Amino acid sequence: MKKSIALALDDLKEKYSGILPSAHALKIQSYAPDLAKSIAGLILSADDSIFQHECFSILRLQLGNIEQDSVENRIKDKIISAIDMNDSKARQLRCREPAAFLFGDDPIQEHEYMLDECEEGEEEDYTLMDF
Numbered sequence: 042m043k044k045s046i047a048l049a050l051d052d053l054k055e056k057y058s059g060i061l062p063s064a065h066a067l068k069i070q071s072y073a074p075d076l077a078k079s080i081a082g083l084i085l086s087a088d089d090s091i092f093q094h095e096c097f098s099i100l101r102l103q104l105g106n107i108e109q110d111s112v113e114n115r116i117k118d119k120i121i122s123a124i125d126m127n128d129s130k131a132r133q134l135r136c137r138e139p140a141a142f143l144f145g146d147d148p149i150q151e152h153e154y155m156l157d158e159c160e161e162g163e164e165e166d167y168t169l170m171d172f
């Protein structure tokens with residue numbers, strides 16, 4: 042049963058590779074809520090009203106009674122959106138390093154990860170030294 046579920050998931054990943062996020066993107070997205078909470082705390086606790094105004098403007102939030110939850114949610118949405126965008130760009134570039142790995146664990150492991158994602162038998166115009 043476990044093997045059949047794994048095969049079905051692999052099939053879904055293959056069929057919908059442009060829609061479903063990669064395992065790396067999911068790992069990075071798991072950090073988004075904590076990161077958003079930290080950034081929101083920094084913005085809301087800042088004494089510089091110009092800085093706060095610029096941050097709220099970037100987040101497209103109206104000045105006034107702004108709650109921490111709304112700021113956190115907006116930041117989290119923007120982080121996840123950026124991760125999704127980088128993940129889809131990485132797939133479009135096939136086997137090339139995405140624009141930004143936000144939380145790279147191990148450079149050697151990342152290169153192995155990239156090589157695993159390459160389709161076998163496909164030749165590219167770069168070497169391992171390009172990574």
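The sequence shown runs 42 to 172 under this note's numbering. Virtual Cβ for every residue (Gly too), placed ideally from N, Cα, C. Note that the structure is a prediction, hence the values are computed from the model and not measured.
Asked                                                                             : Found
Three-state class that DSSP yields for proline 74 in the structure shown          : helix
Lysine 78 to aspartate 51 span [Cα, whole Å]                                      : 34 angstroms
CB contact flag (isoleucine 121, alanine 73, <8 angstroms)                        : yes
Straight-line gap, methionine 126 to leucine 102 (C-alpha atoms, nearest Å)       : 22 angstroms
Proximity below 8 angstroms, CB of aspartate 110 to CB of proline 62              : no
Pair within 8 angstroms by beta-carbon distance, isoleucine 116 and isoleucine 80 : yes
Cα-Cα separation, histidine 94 to valine 112                                      : 13 angstroms
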